[in-house]
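Novice: Numbering (my numbering), first residue to last: 92 to 307. Even for Gly, the Cβ is constructed at its ideal location relative to N, Cα and C. Let me begin by handing over the structure; questions about it come next.
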Ligand code: AP5
């Protein structure tokens with residue numbers, strides 16, 4: 092199955108997508124993770140992307156599209172994939188549709204993660220990440236410890252640069268203005284959007300996600 096996970100920042104796309112990818116045995120490509128990896132590796136692409144990401148703005152389409160084109164051309168992606176955080180606007184959605192058409196395939200499912208804004212802000216304010224390996228921590232669930240050191244790699248645990256309140260406000264604005272219109276765009280282009288109630292525990296949300304997407 093070729094699946095797109097669509098939703099605002101903090102909706103749980105990454106958390107649920109990882110679990111779904113593992114259970115379905117298909118890769119998940121998250122443009123945010125790819126970009127953060129490039130920033131950590133200090134590449135030219137990382138330098139270019141960092142300026143946009145710090146402000147909560149979208150990185151230029153051609154940069155993220157290049158990453159996705161490369162990922163979808165790999166053998167791993169030929170039996171299905173999950174996209175998390177891409178496409179993020181109508182132009183990226185059109186690019187993806189063209190790319191898949193050229194490969195003789197198409198999207199099977201678009202899942203929209205529905206979460207009220209106050210819960211998004213609450214989740215993002217509690218997230219911490221390892222500056223070295225990128226592992227996600229939650230101040231409530233994981234209680235990373237007073238030394239603030241990652242239990243996997245020993246890296247420093249900190250607030251993600253773009254999870255600061257002013258940047259979260261910008262990311263939500265960008266979502267409303269540029270990403271939310273994709274819901275109508277998909278419907279108008281005969282790709283039905285499956286609406287997921289993404290409130291509640293991670294397990295409960297995953298149960299609902301599985302009832303919307305059957306990857307067998
Ligand atoms: P990206 O990394 O894609 O950020 P995002 O969409 O804002 O995604 P998040 O990671 O914040 O949220 P999520 O929905 O994945 O939730 P998660 O599972 O992590 O993008 C970052 C930046 O990169 C963008 O601003 C842009 O600059 C650039 N970029 C990326 N893609 C781009 C593109 N296509 N085009 C242009 N620019 C692009 O969960 C969030 C937190 O909530 C975690 O702490 C998690 O543990 C917790 N949580 C998850 N589920 C639950 C639950 N059910 N209950 C309680 N807590 C939960």
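Please state whether DSSP places residue 243 in a helix, a strand or coil.
Specialist: Reduced to three states, the DSSP call for residue 243 is coil.
Novice: Would you tell me roughly how many angstroms separate the C-alpha atoms of residue 62 and residue 97, rounded to the nearest one?
Specialist: Because the chain here runs from 92 to 307, residue 62 falls outside it and cannot be looked at.
Novice: Can you list, in chain order, the residues of its chain whose CB lies under 7 Å from that of residue 199, leaving out five sequence neighbours each side?
Specialist: 92, 93, 94
Novice: So residue 285 and residue 203 are supposed to be a Cβ contact under 8 Å. How far apart are they, rounded?
Specialist: 7 Å
Novice: I'd like the span of the alpha helix (DSSP H) that includes residue 307, first residue to last.
Specialist: From DSSP, residue 307 is part of no alpha helix (DSSP H); its letter is neither H nor E.
Novice: Would you say the beta carbon of residue 261 comes nearer than 6 Å to a heavy atom of the ligand AP5?
Specialist: Checking every heavy atom of the ligand AP5 against the Cβ of residue 261, none is found closer than 6 Å.
Novice: Have a look at residue 263 and residue 180 and give me their C-alpha separation to the nearest angstrom.
Specialist: 14 Å
Novice: So, using beta-carbon positions, are residue 123 and residue 176 closer together than 7 Å?
Specialist: yes
Novice: My output table needs one value for residue 226: the three-state DSSP class, helix, strand or coil.
Specialist: coil
Novice: Nearest by alpha-carbon distance to residue 225: which of 105, 127, 133, 207 is it?
Specialist: For residue 225, the nearest C-alpha among the options comes from 127.
Novice: So residue 204 is in the beta strand (DSSP E); what residue range does that whole segment cover?
Specialist: 200–205
Novice: Helix, strand or coil: which one does DSSP assign to residue 237?
Specialist: Unreliable placement is indicated for residue 237, whose pLDDT of 48 sits below 50; the coordinate value is still reported in the next sentence. Residue state, collapsed to three classes: coil.
Novice: Along the alpha helix (DSSP H) that carries residue 159, what are the first and last residues, could you check?
Specialist: 152–163
Novice: Over the uninterrupted alpha helix (DSSP H) stretch that includes residue 120, give me the two end residues.
Specialist: Here residue 120 belongs to no alpha helix (DSSP H); instead the beta strand (DSSP E) covers 119–121.
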